[in-house]
Structure formats: structure tokens, C-alpha cells
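Here the structure is laid out as C-alpha cells; the discussion comes afterwards.
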């Protein structure tokens, strides 16, 4: 007997093949039968009419930071609402394990680092996760059996360094014995099921003390030693961030990424490829890393987002504006002193000068202040400004846009919510995206879901992209769009029996209305531990989401079921070799 039968659905199976009408039967968490509508004769405990609806594999998000959130939110919201049934965590060199059993202060250091570098609520980190583990395997075990999505985790280079080197991990170099210990620790994590190595060399990644995170101090020899260790384990990967990910790679970074992948004989992915017609040389420069890797026997894959993700900014709290050259020195001051400095014309002029230079990289996109939209305000002086464009207000007041923005924020003691409008929403940029998506080493993803919680909400990229493909720009057809969200990332990670609707595969499934599929605008909610805020977005048109055959979402509401599994390398992934 079947557990459930989905009847008369329009099946888009994830392979890119044309859609077809079919009944799909589920038994014991897997797809048991796919047959023409009305031809399944086997009894089913439950069934539903899916006429007019599209059935696809569950979406795979290749870049998330749900490492902590899954403890207080096993449903990985809002990703699960938007059809994501498998998430890859432990990215950018940051993981919650391993933790040294003899240094309990390392857990606090990790929480402070995650709060600073990934924009997670410190209160939520402290109150929402149990912090009962030391080894990476114990961390995975703590999640097993209590999550609603499938989740796999890289092991973070920062945690490995901190475990072995202690505070010297920041600024120091490992001795030969320490490097050996780091490799042993890495192998233990891999044996426990880690997906591979994640590391960062990004200049924007700092710990809770404002110092460069531990992995930024690693030299190429250390990175290559860890990469070679990846090769010793089945079904593994590398994820790496370097400074050039934000704009253009240096020659040295291109060589390093290619060498790391070749040393491991495994794919290496990086995040995120920003596509903008105003910077036409960026895409070919970034994809040179992929070309170099293939020649060296590796594979370097760029993640890129298929939507424009709105970002919530503020002059009062840490956000992307702090990452503009020289801006952190001003925006890191106490609020009264910060306001005074921002009101100085020469200070603003110097900030704008540095923000417009080459050193600002991709963050130059944030400096068109005339196009900012004012969000929530908190003072009588700003009454009626919510929803208005800064350039219009500045013209009325006879001020330049940045001066105008500063004065608005100063009236609110810098609490004003700011929404920068994207500069790359032009037809030429979308045409360039369409072309770039076809490259063999470009993959959709990079949501950062679970991180930067009150600043951005990238999790809805799946439903928003599908809605755009069906009723908006229509840059790719439905079948190709679904493949890009399902089978493509599943094949990169070597997921066993996932990413497609096929008999014998795990029944990770999304059922949606093609006339409505979309994502609602992000709104600020206070539902984290400690009443901390985050941005959330409601899915539109998603009828049902199943994970391993069990329904987790029905008509926009979680069912309470937690059928997800912790995906472990080797057992749940197979090797995707580059050789």
C-alpha cells in the first residue's frame, strides 16, 4: 500500500525534460511509482487531487547558515516555506563545532564571532542552542531526528584553528605539530559526516573583537594541506571565500582556488558572483578561476543569485555600509559622537570619496544615496517620510542626498531603516545574468539564509525566481528553472537519490500553483529567542512541501513534522570527482 498518492500533477522532474502529467505515489519516504493519470491501481492511505498544480523535487539551497537556527527553529524558516527541503550549512569557515573541551570560553568566542560576522542575534545564539557538544560528530548528533529539512554541514576552518591553536589562531601560524593536530581533527569531523572544508580569506570577515577571523591568517600551505585531506573522504567538497569574491579575483586568488580544488580532486564553490552590466569585465574575470581550475584538474563553481535581494540598512547598527573603506571608523563610534562626525561636511566628503573608489569593490553599489527609500522612522521630525525616496526629499530641502539622509537618521538617533534600491535592475544586467546562468561552472544560490537576519532575506529566492520565470521576465523556461534549483545543486554535492522526481528517489517534493507562485515582501518580525528581530517573507502559491515523504508545509503552515535528516558525507553523498 502507498502512503500517499498525488494525482494528476504536472510533473517537472528536475532533469530539464518537458513537463508531463502523472500520478506520483509515495511509500516509506521514497517515490514508489510514477504513472499516467488515473493508472495507479495500488491502494493509498491518503491521496490528493493535484490537477492544475506543478510537482517538482524539493529545492536545494547550496549556501546557508542555519547551523544555530535549526536548534530553535527545526523548520528552517522561511526556506522550508519556499520549497527548500535540503540546506548546505557550515559555510564561509564558520561552524559551531568542534569546541575544545578544556576551554569553555571558546563557545562564547564562537557566539560573539557568529553574531558579528554573520549578523546572528547574540541573545538567540545564547538562549536558543544547547551548546552541549565538543566534537563535530556530537554537533551533528544534536540535530539528528529533530529537524524538518535535510541538512549537510561543512566543517569550518576557523573552528579547527581555534580548537588547536586557542587564541593564537588569530594572528598566529601553526607549528608542524599543530598543523598535524588540525588535520587529525579535520579527519575526525569528516569521518563523522562533515561534507568538506569551508574557509574564508575575506577582508570583511572579523570576529567579535573586530580582529580578522582565524582562517584569514592561514597561508596557502595550510589551505592546501587541508584540501589534500578532503581527497581522503568520500562525497566531499570545498567552499572557500577570498577577498576577490566581492568584486574581482587577484591572480593569486585565482591560482589558490584552482590549486585547492585540484589538490582535493573535488569541486570548490564560492559565494557570490555579482552580475552588473555597469561592470562588464567582472563576470569573465571571476570565471577565469573556473577555467584555470579545469586546466589544473579541479573545478571551481560560482554561486549567483537569480533575484535582487533587498537589504535593510541603518547608520545605527552594523551593516554592509560599515564595510565601505573608512566608514567603519565613523560608524563604529558611540551614537552621539557618530552623529556629530556625520554632520561634519568634510567627514561626509571623505566618506563619499573613499566609497566611490576602486577599493570599495562591489560595495560601491550601496552609495547611490539619492535612490534610497526611507523605511521605519521614530521621531516627529521624520513623520510622513516612510516610503519616500531620499533624492526627492533632498531636492525639497536643498541638500545633497547623503547630507539629507544623515539628517533624517540623526533625528531618529540613527535608528531609521534605510532601503537601498538596486543599481543593477536594468535590462542589460538581466540579459547578462541569463547568459551567465548557462555557464557550466555557475550555480544558482547564495541566499545566506539563517544569517544577517535583520538586514536581508535571501531565502525566498526559489519561489521569487519561479514566479519571474513563469509570469515575469521569463528568462528561462520552467523546466530549466526547476533543474537549476534542484538537480544542479544536488549533483554538485553528490546527493544520493535527491534532486529529481524518479522512482526510488527520496520523496522531497514541492507542489505549487504556477499561476500564483511567488514570495511576499520581507517584513520585520520578532520571533527569535529573546524576542530578537529578523526579516521574514511569506511564500505565495506553495500548496505542499514534503521531506522524505512526510508533509512539512500545507497551505503556508508548518505541520509540526520533523522528517528531515542530517546528511552525512559518504553515506548520503557520493564523490563528485574533478579528475
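Numbering (our numbering), first residue to last: 16 to 594.
Every residue, glycine too, gets a C-beta built ideally from N, C-alpha and C.
Judging by CA-CA distance, which residue of the options is the nearest neighbour of residue i?
| i | options | result |
| --- | --- | --- |
| residue 97 | 542, 574 and 559 | 559 |
| residue 210 | 582, 224 and 592 | 582 |
| residue 157 | 286, 228, 91 and 82 | 82 |
| residue 182 | 123, 95 and 575 | 123 |
| residue 33 | 579, 555, 516 and 594 | 516 |
| residue 383 | 407, 435 and 457 | 435 |
| residue 580 | 61, 546, 62 and 89 | 89 |
| residue 574 | 561, 511 and 369 | 561 |
| residue 269 | 241, 310, 249 and 294 | 310 |
| residue 364 | 381, 342, 499 and 380 | 342 |
| residue 544 | 99, 139 and 16 | 139 |
| residue 37 | 280, 259 and 67 | 67 |
| residue 77 | 499, 550 and 448 | 499 |
| residue 233 | 279, 191 and 184 | 184 |
| residue 447 | 292, 121 and 137 | 292 |
| residue 244 | 195, 337 and 117 | 195 |
| residue 594 | 389, 159 and 246 | 246 |
Can you give the Cα-Cα distance for residue i and residue j, rounded to whole angstroms?
| i | j | result |
| --- | --- | --- |
| residue 542 | residue 378 | 30 Å |
| residue 374 | residue 261 | 11 Å |
| residue 10 | residue 236 | Since the first residue shown for the chain is 16 and the last is 594, residue 10 is missing from the structure and cannot be characterised. |
| residue 533 | residue 483 | 8 Å |
| residue 176 | residue 197 | 7 Å |
| residue 538 | residue 402 | 14 Å |
| residue 163 | residue 568 | 10 Å |
| residue 71 | residue 329 | 39 Å |
| residue 52 | residue 405 | 56 Å |
| residue 358 | residue 178 | 45 Å |
| residue 187 | residue 193 | 11 Å |
| residue 431 | residue 289 | 27 Å |
| residue 591 | residue 507 | 7 Å |
| residue 491 | residue 302 | 21 Å |
| residue 115 | residue 414 | 55 Å |
| residue 468 | residue 360 | 33 Å |
Tell me whether the beta-carbon of residue i lies closer than 8 Å to the beta-carbon of residue j.
| i | j | result |
| --- | --- | --- |
| residue 264 | residue 204 | no |
| residue 283 | residue 313 | yes |
| residue 171 | residue 86 | no |
| residue 577 | residue 45 | no |
| residue 298 | residue 305 | no |
| residue 253 | residue 276 | yes |
| residue 22 | residue 50 | no |
| residue 91 | residue 102 | yes |
| residue 471 | residue 327 | yes |
| residue 318 | residue 167 | no |
| residue 128 | residue 27 | no |
| residue 485 | residue 529 | yes |
| residue 213 | residue 169 | yes |
| residue 55 | residue 40 | yes |
| residue 419 | residue 428 | no |
| residue 142 | residue 465 | no |
| residue 331 | residue 345 | no |
| residue 155 | residue 240 | no |
| residue 514 | residue 505 | yes |
| residue 478 | residue 555 | yes |
| residue 130 | residue 250 | no |
| residue 272 | residue 287 | no |
| residue 497 | residue 527 | no |
| residue 362 | residue 220 | no |
| residue 409 | residue 425 | no |
| residue 531 | residue 588 | no |
By a C-beta neighbour count over all protein chains shown, 10 Å radius and 16 as the cutoff for buried, is residue i buried or exposed?
| i | result |
| --- | --- |
| residue 321 | buried |
| residue 566 | buried |
| residue 601 | Nothing in the structure corresponds to residue 601, since the chain is present only between 16 and 594. |
| residue 453 | exposed |
| residue 201 | buried |
| residue 35 | exposed |
| residue 134 | buried |
| residue 440 | exposed |
| residue 398 | exposed |
| residue 119 | exposed |
| residue 16 | exposed |
| residue 571 | exposed |
| residue 4 | Given a span of 16 to 594 for the chain in the structure shown, any question on residue 4 remains unanswerable. |
| residue 651 | The requested residue 651 is not part of the displayed model; the chain covers only 16 to 594. |
| residue 416 | buried |
At a cut-off of 7 Å, is residue i close to the ligand FMN when judged by its beta-carbon and the heavy atoms of the ligand?
| i | result |
| --- | --- |
| residue 70 | Only the bare structure without any ligand can be found here, which leaves the ligand FMN out of the picture. |
Entirely enclosed alpha helix (DSSP H) segments - the stretch 428-505, minimum 4 residues: 442-451, 476-486 and 493-500
Residue ranges of each beta strand (DSSP E) run of no fewer than 3 residues wholly in the stretch 229-315, ordered along the chain? 252-256 and 282-286
Could you tell me which uninterrupted beta strand (DSSP E) segments, each at least 3 residues in length, are contained entirely in the stretch 81-125, listed from first to last along the chain? 99-104
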